[in-house]
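In structure tokens form, the structure reads like this:
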């Protein structure tokens, strides 16, 4: 089983800000987990914008 986890990064004035996340979702294949991780990351960025780095 694969758990969803990811890292979102953005560069601010030469400094890299990072937000890490781990979700409770479990999937049977690595490919499905990677696909869902990208979807969750994009949804989080769309909802929170730059606030995720506060």
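Numbering (this note's numbering), first residue to last: 318 to 371.
Backbone N, C-alpha and C define an ideal beta-carbon position, used for all residues, glycine too.
Predicted model only: the values in this text are computed from it and were never measured.
- According to DSSP, residue pairing for residue 350 in a beta bridge does not occur.
- Residue 338 is positioned such that its CB atom lies closer than 9 Å to that of residue 324.
- By the criterion of a C-beta distance shorter than 8 Å, residue 327 is surrounded in its chain by 333, 334, 367 and 370, once the five residues flanking it on both sides are discounted.
- By the C-beta density criterion, residue 365 is exposed, having fewer than 16 other C-beta atoms within 10 angstroms.
- Close CB contacts of residue 362 within its chain, under the 6 Å cut and outside five residues either way in sequence, are absent.
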